[in-house]
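Protein chains in written order, with my numbering: chain C, 5 to 250; chain X, 5 to 250. Inspection log for the structure reproduced underneath, given as structure tokens.
There are 2 protein chains.
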Amino acid sequence: MYNFSAVVEYDGTDFKGFQQQPGNVRTVQGELFKALGILAPGFSRFSYAGRTDAGVHARHQVIGFGCREALNIYRFSWKLNCLLPDDITVKNISRAAEDFDARKSAKMRQYSYYVVNNSCQSVFLKKYSILITRKLDICAMREAADMFTGVKDFTAFCNDNLKSGHNIREIYSCAVKRFSGELIEFKISANAFLYNMVRIMVGTLLEIGEGKRDAGSIKKAFKSKIRKDAGRIVPAKGLFLTKVTY
Amino acid sequence: MYNFSAVVEYDGTDFKGFQQQPGNVRTVQGELFKALGILAPGFSRFSYAGRTDAGVHARHQVIGFGCREALNIYRFSWKLNCLLPDDITVKNISRAAEDFDARKSAKMRQYSYYVVNNSCQSVFLKKYSILITRKLDICAMREAADMFTGVKDFTAFCNDNLKSGHNIREIYSCAVKRFSGELIEFKISANAFLYNMVRIMVGTLLEIGEGKRDAGSIKKAFKSKIRKDAGRIVPAKGLFLTKVTY
Chain C
5 MYNFSAVVEY
15 DGTDFKGFQQ
25 QPGNVRTVQG
35 ELFKALGILA
45 PGFSRFSYAG
55 RTDAGVHARH
65 QVIGFGCREA
75 LNIYRFSWKL
85 NCLLPDDITV
95 KNISRAAEDF
105 DARKSAKMRQ
115 YSYYVVNNSC
125 QSVFLKKYSI
135 LITRKLDICA
145 MREAADMFTG
155 VKDFTAFCND
165 NLKSGHNIRE
175 IYSCAVKRFS
185 GELIEFKISA
195 NAFLYNMVRI
205 MVGTLLEIGE
215 GKRDAGSIKK
225 AFKSKIRKDA
235 GRIVPAKGLF
245 LTKVTY
Chain X
5 MYNFSAVVEY
15 DGTDFKGFQQ
25 QPGNVRTVQG
35 ELFKALGILA
45 PGFSRFSYAG
55 RTDAGVHARH
65 QVIGFGCREA
75 LNIYRFSWKL
85 NCLLPDDITV
95 KNISRAAEDF
105 DARKSAKMRQ
115 YSYYVVNNSC
125 QSVFLKKYSI
135 LITRKLDICA
145 MREAADMFTG
155 VKDFTAFCND
165 NLKSGHNIRE
175 IYSCAVKRFS
185 GELIEFKISA
195 NAFLYNMVRI
205 MVGTLLEIGE
215 GKRDAGSIKK
225 AFKSKIRKDA
235 GRIVPAKGLF
245 LTKVTY
């Protein structure tokens with residue numbers, strides 16, 4: 005058995021999320037399985053770092069899979085991308101350790117969320133960001149973002165109803181950056197994330213930037229562990245999985 | 005008569021260029037005329053800074069137009085963008101001088117061309133860049149790019165067969181920048197450009213980066229004024245009009 009890892013990039017717009025689903029549902033995993041099934045029949049032990057939701061994009065998702073035969077990586081990669089649809093690309097295929105599992109072996113995941121804070125949306129960003137016309141207070145959002153870092157119970161900041169185990173996660177960093185063209189990036193890295201966690205964290209920060217709540221409300225939500233004490237959930241289309249490290 | 009200027013952003017993929025054409029041809033100007041005709045019937049003196057070709061994009065095209073009535077700019081802008089299709093946005097509408105003409109008044113135009121120099125194309129850049137898998141020599145292209153600057157006769161670097169006047173243009177700067185993800189940007193600013201000029205300049209630089217010609221061949225083409233002494237023309241989809249100044 006030969007083990008491989010690869011980076012997968014996809015435009016989530018036309019996918020019902022990463023994970024394969026029963027029925028006639030277009031997913032990233034489904035498309036990968038179709039192509040891998042042709043080029044590496046009998047591939048096994050498929051794993052992936054992050055189960056992104058419907059509409060969420062990835063610049064850097066990581067997958068793992070096993071093959072019975074050694075692959076000519078360059079040719080395999082070329083053929084795989086020829087078979088895959090236009091909105092998925094597989095990059096950096098390489099041999100992985102015997103026990104590599106894209107999810108279990110991951111040490112850090114990073115997501116970015118994009119907001120255009122202007123009177124109108126950009127033609128090139130409208131599929132990849134949300135528009136907020138009300139002027140956002142960047143400084144207030146930055147200060148509040150710091151309150152997310154560290155080891156905390158994120159029960160209030162997720163939609164995980166079927167809790168298996170605990171909701172404690174470690175946020176390594178949570179940064180708010182402003183780019184030209186009134187583009188704002190929320191960049192969050194953690195050991196792992198709960199269901200909808202990034203989108204609820206960003207929604208909470210936006211409500212602070214809009215002056216609808218103060219930073220103290222984050223502390224309150226951490227304490228109460230009640231979902232409605234946190235902010236709104238923002239749409240999937242602004243979210244990108246941008247890095248996974250091992 | 006009230007004169008206005010505005011910035012127009014568009015994804016050129018599904019347009020047969022900026023300029024209106026007879027028949028059932030989708031152009032940026034055609035779409036703007038439809039929307040302006042509804043919101044500002046009888047608008048006049050329409051002008052635009054650069055006649056971009058089929059498939060060329062714009063982050064910053066400038067238009068000018070006259071109205072018989074003063075506009076509530078904020079409301080007009082909002083309505084205009086509601087009427088326009090998803091691949092055009094109008095921004096920064098403002099009052100302009102009596103004699104403003106988006107083309108004649110322009111002092112500088114800037115274009116950027118994007119190349120992904122990698123073994124595979126990026127999902128997010130494939131509509132906005134070309135892929136070159138052969139490793140490009142950035143230093144050689146940078147050195148050669150310098151040879152374009154200044155006041156020169158660009159006859160060899162354009163496809164203008166119907167010459168009206170001369171082919172002398174002044175290039176203010178021609179820079180080659182490398183970004184992460186193996187993205188290369190060619191950024192060129194000039195007083196004005198000839199037909200296909202940017203795409204032929206970039207094609208020539210790429211042939212230098214690929215080792216197929218040397219920088220001396222640029223000098224030769226300037227001297228001979230023969231189109232075939234310059235390099236190939238690169239596809240439209242990598243080209244953006246990025247700035248116009250007045």
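C-beta: ideal position from N, C-alpha, C; glycine also.
If you compare the alpha carbons of C/194, C/142, C/200, C/131 with that of residue 164 of chain C, the shortest gap goes to C/200. Residues of the stretch 51 to 62 of chain C with a C-beta atom less than 7 angstroms from some C-beta of chain X do not occur. Scanning the stretch 8 to 94 of chain C from its first residue to its last, the whole alpha helix (DSSP H) runs of 4-plus residues come out as 32 to 43, 77 to 87. Contact between residue 194 of chain C and residue 113 of chain C holds, with the beta-carbon distance rounding to 6 angstroms and staying under 8 angstroms. Residue 44 of chain C is positioned such that its CB atom lies no closer than 8 angstroms to that of residue 86 of chain C. Proximity of chain C to residue 85 of chain X at the Cβ level (cut-off 7 angstroms) is accounted for by 124, in chain order. Of the candidates X/245, X/249, X/250, the residue whose Cα lies closest to the Cα of residue 56 of chain X is X/245.
Counting the other Cβ atoms within 10 Å of the Cβ of residue 170 of chain C gives fewer than 16, which makes it exposed. Between the stretch 17 to 30 of chain X and the stretch 223 to 239 of chain C, the count of Cβ pairs shorter than 8 angstroms is below three; the stretches do not touch. Within the stretch 165 to 242 of chain C, the runs of beta strand (DSSP E) that reach at least 3 residues and sit entirely inside it are, in chain order, 172 to 183, 187 to 194.
Residue 105 of chain C: not part of any beta strand (DSSP E); DSSP gives it neither H nor E.
With contacts defined as CB atoms closer than 8 angstroms, residue 106 of chain C and residue 52 of chain C qualify as a contacting pair. DSSP, reduced to helix, strand and coil, places residue 157 of chain C within a strand of the structure shown. Bridge pairing for residue 112 of chain X: X/249 [DSSP]. Proximity of residue 128 of chain X to chain C, defined by a Cβ-Cβ separation below 8 angstroms, is satisfied. A distance below 7 angstroms between beta-carbons, with the five flanking residues on each side excluded, links residue 151 of chain C to the following residues of its chain, in chain order: 219, 222, 223.
Around the C-beta of residue 137 of chain C, fewer than 16 other C-beta atoms lie within 10 Å, and the residue is accordingly described as exposed. Non-local beta-carbon contacts of residue 250 of chain X in its own chain, meaning distances under 7 angstroms to residues more than five positions away in sequence, involve 109, 110, 111 in chain order. Residue 186 of chain X has a beta carbon lying at 8 angstroms or more from every beta carbon in chain C.
In chain X, no part has a C-beta under 8 angstroms from the C-beta of residue 249 of chain C; the shortest such distance is about 16 angstroms. Taking 8 angstroms as the cut-off, the Cβ atoms of residue 132 of chain X and residue 247 of chain X do not count as close. A straight line joining the alpha-carbon of residue 236 of chain C with that of residue 149 of chain C spans about 16 angstroms. Within chain X, the C-beta atoms nearer than 8 angstroms to that of residue 92 of chain C come from 127, in chain order. Take residue 239 of chain C, set aside five residues on each side of it, and the residues of its chain with a beta-carbon closer than 6 angstroms to its own are 134, in chain order.
Considering only C/228, C/178, C/173, C/94, the residue with the shortest C-alpha distance to residue 117 of chain C is C/178.
A distance below 8 angstroms between beta-carbons, with the five flanking residues on each side excluded, links residue 147 of chain X to the following residues of its chain, in chain order: 219.
Three or more Cβ pairs drawn from the stretch 11 to 18 of chain C and the stretch 122 to 132 of chain X lie within less than 8 angstroms of each other, which places the two stretches in contact.
At least one CB atom of chain C sits nearer than 8 angstroms to the CB of residue 15 of chain X. A Cβ-Cβ contact shorter than 8 angstroms links residue 65 of chain C with residue 22 of chain C. Among the residues facing chain C, residue 216 of chain X is not included, as its CB has no counterpart in that chain under 8 angstroms away. Here residue 97 of chain C carries a strand assignment [DSSP, helix/strand/coil].
For the 8 angstroms CB-CB criterion, residue 67 of chain C and residue 98 of chain C do not form a contact.
As computed with DSSP, residue 135 of chain C is found in a beta bridge with C/120.
CA-to-CA, the gap between residue 215 of chain X and residue 188 of chain X works out to about 17 angstroms.
Take the alpha-carbon of residue 175 of chain C and the one of residue 153 of chain C: they are about 5 angstroms apart. Distance from the Cα of residue 157 of chain C is smallest, within the candidate group C/73, C/36, C/230, for C/230.
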